[in-house]
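K.L.:
So for the sequence shown, the working numbering puts the first residue at 874; every next one is plus one.
I am attaching a structure below and will ask some questions about it afterwards.
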Amino acid sequence: MYLAVFRIRFINALQYRAAALAGISTQFAWGFMEIFAFSAFYRSNPAAFPMEFSHMVAYIWLQQAFLALFMMWFWENDIASAISEGAIAYEMARPMDLYGKWFIQSAANRLARAALRCMPILLVAFIIPEPYRMSLPSDIRIFLLFILSAGLSLCVVVAFSMLLYISLFYTLSPMGIRTIVTVLADFLAGGTVPLPFFPDGFRQIAELLPFAAMQNMPLRVYSGNIAGLDALRGVALQVSWLAALLLIGHLTLSRALKKVIVQGG
């Protein structure tokens, strides 16, 4: 059942090619803008920065290529409207776990959007001149660890987003909590600036939060900013937070469904 849901949602999301083209142009502009801005700072004093410029370039290009996997502001309107408009009654009547269905649905939509956008961005990132060109990892093991970390990152993002959808059972409007949480999550996940740029005390706290298990880990693993035992500890953190978020999500949704009241005909 879950495979069928994934396939249907993935194929459905692949239809939005015009939106993907618009997103690609935006992400190219944003990626170049970020790289040029950081380049100006790096030229002033390269030794003052916690990441090598080549690592920063890889971080930014990967962030733009796979933005659909990591962006916290992505919103599943089908899930939100089902809760707010009462269609949740139909969802509850289906012979499958509601949390699992929503999780697979959200993951499929994100993967499809990333599949449409990533290849043109990566192609350009690999052929533009130095020092703005993204290079391949120095070791195949680093690439495989990146793939594993990216998959875990996607699952953590979806599991965290599920908590936002579940909160709709208790609020009249999602805008307040959605705006605050998504902005905070994107910042603490390294979406604005990478975590190594944070002040030491704040960075040490941020690296223990679930947001550090999102885009922060796979992008730093691929770029080479984090490696060896530190990278393995980061993947272990991702697994731990994924298990915790899945457990919390299942428990809170189960509790919310026991008190659902759908009014109307």
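For glycine and all other residues, C-beta sits at the position ideal for the given N, C-alpha and C.
(1) With a 10 Å radius around its C-beta and 16 neighbouring C-beta atoms as the bar for buried, classify residue 1011 as buried or exposed.
(2) Who are the near neighbours of residue 883 in its chain, counting only those whose CB is closer than 7 Å to its CB and skipping five residues on each side?
(3) Give the straight-line distance between the Cα atoms of residue 878 and residue 966, rounded to the nearest whole angstrom.
(4) With contact counted as at least three CB pairs below 8 Å, one residue from each stretch, are the segment 1065–1075 and the segment 955–966 in contact?
(5) Tell me the rounded alpha-carbon separation between residue 973 and residue 915.
(6) Once you ignore the five residues that flank residue 995 on each side, which residues in its own chain have a CB closer than 6 Å to its CB?
(7) Only counting the same chain, and skipping five residues up and downstream in sequence, which positions put a Cβ closer than 8 Å to that of residue 1138?
(8) With a threshold of 8 Å, establish whether the CB of residue 1072 neighbours any heavy atom of the ligand ZN.
(9) Quick one: measure Cβ to Cβ for residue 1039 and residue 1129, integer angstroms, because I've assumed they're closer than 8 Å.
(10) Please state whether DSSP places residue 982 in a helix, a strand or coil.
(11) Nearest CA to the CA of residue 1108: which residue from 1124, 1088, 1127, 1125?
(12) Taking the CB atoms as reference points, tell me whether residue 1033 and residue 1083 lie closer together than 9 Å.
(13) Residue 959 by DSSP, collapsed to three states: which one?
(14) Who are the Cβ neighbours of residue 951 in its own chain at under 8 Å, not counting the five residues just before and after it?
(15) Here's the rule I'm using: 16 or more other beta-carbon atoms within 10 Å means buried, otherwise exposed. How should residue 1078 be labelled?
(16) Just mark residue 1096 as buried or exposed, buried being the case when its beta carbon has 16 or more other beta carbons within 10 Å.
(17) Does the pairing of the segment 904–921 with the segment 940–949 give three or more beta-carbon distances under 8 Å?
(18) Between residue 1025 and residue 1112, which are expected to be in contact by the criterion C-beta below 8 Å, what is the C-beta distance as a whole number of angstroms?
(19) Report yes if the CB atom of residue 961 is closer than 9 Å to the CB atom of residue 1133, and no otherwise.
(20) Within 10 angstroms of its Cβ, does residue 1127 collect 16 or more other Cβ (buried), or is it exposed?
(21) Buried or exposed, going by whether 16 or more other CB atoms sit within 10 Å of the CB of residue 1008?
(22) Could you check what DSSP says for residue 888 in three-state terms: helix, strand or coil?
(23) Output yes or no for whether 9 Å exceeds the beta carbon distance between residue 989 and residue 1076.
(24) Here's the rule: buried if 16 or more other CB atoms are within 10 angstroms of the residue's CB, otherwise exposed. What is residue 987?
(25) Residue 1022: which of 1103, 881, 1058, 1050 sits nearest, CA to CA?
P.N.:
The short version:
(1) exposed
(2) 981, 984, 985
(3) 16 Å
(4) no
(5) 45 Å
(6) 938
(7) Only weak support is given to the placement of residue 1138: the predicted model assigns it a pLDDT of 47, under 50, and the value that follows is read from those uncertain coordinates. Closer than 8 Å at Cβ, skipping near neighbours: no residue.
(8) Judged by which ligands are present, the structure shown has none, so any question about the ligand ZN falls away.
(9) 6 Å
(10) helix
(11) 1088
(12) yes
(13) coil
(14) 978
(15) exposed
(16) buried
(17) no
(18) 7 Å
(19) yes
(20) exposed
(21) exposed
(22) coil
(23) no
(24) buried
(25) 1103
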